[in-house]
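Engineer: Sharing a structure with you now.
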Amino acid sequence: LYDSDMQADFDDLRFTTSDGVTLISHFVASTTLSNRAEVWVKVPTLPASDTATIYMYYGNATASSTSSS
333 LYDSDMQADF DDLRFTTSDG VTLISHFVAS TTLSNRAEVW VKVPTLPASD TATIYMYYGN
393 ATASSTSSS
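To convert, count from 1 in the sequence shown and add 332; that's our numbering.
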């Protein structure tokens, strides 16, 4: 769901691995401006425990989209 710190079109979304630095590929499948976005994130590996930590970042007003097509 949209947070007021996000760009209305969700172009500023970024995802990283648990190190907080390594970017993870993502795809913004659909959006409703300033409301919600359906985002698919490509998790690089999934441990045997079936859990992985990823981080989502947003709030950069000058960021352009890095969503895969």
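Backbone N, C-alpha and C fix where the C-beta goes; we use that ideal spot for every residue, glycine too.
Run the CB neighbour count on Asp335, radius 10 Å, all protein chains shown included, and call it buried at 16 or more, exposed below.
Structural biologist: exposed
Engineer: Should Leu345 be labelled buried (16 or more other beta-carbon atoms within 10 Å of its own) or exposed?
Structural biologist: Counting Cβ neighbours within 10 Å, Leu345 comes out buried, since at least 16 surround it.
Engineer: Taking only three categories from DSSP, how would you classify Ala393?
Structural biologist: The answer is coil: DSSP assigns Ala393 none of H, G, I, E or B.
Engineer: Between the Cα of Asp337 and those of Tyr389, Thr398, Ser400, spot the shortest distance and give me the residue it belongs to.
Structural biologist: Tyr389
Engineer: Which same chain residues, not among the five before or five after Ala393, have their C-beta less than 8 Å away from its C-beta?
Structural biologist: Gln339, Asp344
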